[in-house]
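Residues 28 to 509 in my numbering are what the sequence shown lists, from first letter to last. For glycine and all other residues, C-beta sits at the position ideal for the given N, C-alpha and C. Report on the structure given below.
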Amino acid sequence: MAKFEYAPAPESRAIVDLQPSYGLFIGGEFVPGQGGAGFKTVSPATEEVLAEVTDATAADVDAAVAAARAAYEQVWGRMPGGDRGKYLFRIARILQERAREFAVLESLDNGKPIRESRDVDVPLAAAHFFYHAGWADKLQYASLGPDPRPHGVVGQVIPWNFPLLMLAWKIAPALATGNTVVLKPAETTPLTALLFAQVCQQADLPPGVVNIVTGAGATGQAIVDHPGVDKLAFTGSTAVGKMIARSIAGTRKHATLELGGKAANIVFDDAPIDQAVEGIVNGIFFNQGHVCCAGSRLLVQESVAEEVEKRLKRRLATLRVGDPLDKNTDVGAINSRAQLERITALTAAGEAEGAQRWDTGCELPAKGFWFRPTVFTGVSQTHRIAQEEIFGPVLSVLTFRTPQEAVAKANNTPYGLSAGVWTEKGSRILWMADQLRAGVVWANTFNKFDPTSPFGGYKESGYGREGGRHGLAAYVTTGESQ
Ligand code: TAP
């Protein structure tokens, strides 16, 4: 099918006021790092250097934890919930007012299409603050147990795939429940977290309630190891999550871990195929497949497999891959060279193990990090591309004959974060949801997020929930749990 030719529709980047270098946000101020070292953050679409960012040392983390402790003890931990809620409402409104600035900056630093940062990441981040603002003065009615109280200082470490949104998932519930935070954004995507620090200043948030320290894995490890941190909230890979669990074993620290996934998107023969195809595309090609809950394994009933595959490839051929700031772009840049190498290596393993590889053959920009939307058919359960998280725009297709076989294959993974079911039968949806070992099961849709709905995994996808009432529980201790 021929692609329509669209004129370029680039979003202007003039709205973003990029500084050449950024300090750390500690105690309500931007301060230089004590180690003096920095690193560059680049646009993955062009490899252009966007800014120099501070590499926080253990001493910087120590200062951030001290600022968070002072703010907790002197101000935030004592403030009535209704007053905390007003700050959260204020932050939410500023995020809405500055939405375009955040969206452009996110697309520049992360490589995701502006359509997604504008319509998904930023509105959902604001929604998380609005939602949690509403809870701040109602915690005793949230069935959290008797006398819910904050932990104190929370250390938070987040990945690069949804930089602002993951920050909102972490900071909004922590603040609503009366905790103060030290947050580290990912090394490749620090800029929207630093813009968020400016929002905290604009909202007159008391100094030290939110502290942002930029850096690489060592900075994250310094947060994890710091004895002044009462609770940890981590989102990232299963490998690092396991290291964190080992580091804090035997300490009094509480933790929630949101880790990887290898979700099954299951299409039955009675599903409306065109809608299912849209769901498959959204499931794995949204955000370049850099989504922990991505529908990276398509399980399709054998009787419709050929038809689904045909329509899927036809649809994929219409996807526009390119400039993240162009409003017509569907698939943007891969976030980093390292991630591109990982995707390249895993897809090469798929071919070597005997699966059939197909891609859209679209043109890719000469500079930057890019990967064509790719589909593997003839995948067997033992293939690495069926077992390991690729975290890129790559779909592995497997088939099944009966619902029991679909369940067995869907659950045959070390992960258990999400799953999707496509069928006309309501009873089958309920039966499948009951059988699938996944924290979230979507029915006739995929990748739908809402702050009221708890999100989190089973097995190697981690423990704890974020969002909803369940998410609040992770940020409080109660008479029962103290
Ligand atoms: P990771 O390498 O695990 O990095 C996540 C964060 O941890 C980054 O800020 C990273 O810093 C930091 N970090 C690295 N080593 C650390 C250590 N030893 N101690 C403390 N912090 C450390 O993952 P990633 O490559 O950024 O993200 C991709 C992975 O995250 C995928 O597996 C994906 O499934 C998972 N993910 C899960 C979810 C949920 S909700 N379950 C959501 C998004 C992503 P640097 O960036 O500087 O390395």
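Which parts of the stretch 278 to 351 are runs of the alpha helix (DSSP H), unbroken and 4 residues or longer, counting only runs that do not cross its ends? 300 to 312, 329 to 343
Out of curiosity, what's the CA-to-CA distance linking S264 and K67? 23 Å
Any heavy atom of the ligand TAP closer than 6 Å to the CB of G395? no
For S445, is the beta carbon positioned less than 6 Å from some heavy atom of the ligand TAP? no
Distance between beta carbons of L286 and G489, contact taken as under 8 Å: 4 Å
Check the C-beta distance from K165 over to Q183 and give it rounded, since I have them as a contact under 8 Å. At roughly 23 Å, the Cβ-Cβ gap does not stay under 8 Å, so K165 and Q183 are not in contact.
For a test of your reading of the model: does the CB of L5 fall under 6 Å from any non-hydrogen atom of the ligand TAP? Yes or no. With the chain covering only 28 through 509, there is no way to say anything about residue 5.
Nearer than 6 Å: is that true of the beta carbon of W512 relative to any heavy atom of the ligand TAP? As displayed, the chain neither begins before 28 nor continues past 509, which places residue 512 out of reach and without an answer.
Quick one: is T429 buried, meaning 16 or more other Cβ sit within 10 Å of its Cβ, or exposed? Taking every protein chain shown into account, the CB of T429 has fewer than 16 other CB atoms within 10 angstroms, so this residue is exposed.
Quick one: Cα of G491 to Cα of S480, how far? 13 Å
Rounded to the nearest angstrom, what separates L346 and T356 at their Cα positions? 8 Å
Beta-carbon separation of V256 and W103 under 7 Å? no
Tell me where the alpha helix (DSSP H) around N439 begins and ends. Per DSSP, N439 belongs to no alpha helix (DSSP H) and is neither H nor E.
Where does Y490 sit, in a helix, a strand or coil, going by DSSP? Residue state, collapsed to three classes: strand.
Name the DSSP bridge partner or partners of V402? W385, L422
Tell me which residue opens and which closes the beta strand (DSSP E) that L210 is part of. 207 to 211
Kindly confirm or deny that the stretch 81 to 96 and the stretch 136 to 144 touch, where touching means at least three C-beta pairs closer than 8 Å. no
Assuming V421 and I456 make a contact with CB atoms under 8 Å, what is their CB distance in whole Å? Your pair V421 and I456 does not check out as a contact, with CB atoms roughly 27 Å apart and the cut at 8 Å.
Answer yes or no: the CB of S323 versus the heavy atoms of the ligand TAP, is any distance below 6 Å? no
C-alpha distance - R111 paired with E100, whole-angstrom precision: Near 14 Å, if we compare the C-alpha coordinates of E100 and R111.
In this structure, does DSSP put V240 in helix, strand or coil? coil
Judging by CA-CA distance, which residue of A290, G359, I293, R324 is the nearest neighbour of Q315? Nearest neighbour of Q315 by Cα position, chosen from A290, G359, I293, R324, turns out to be G359.
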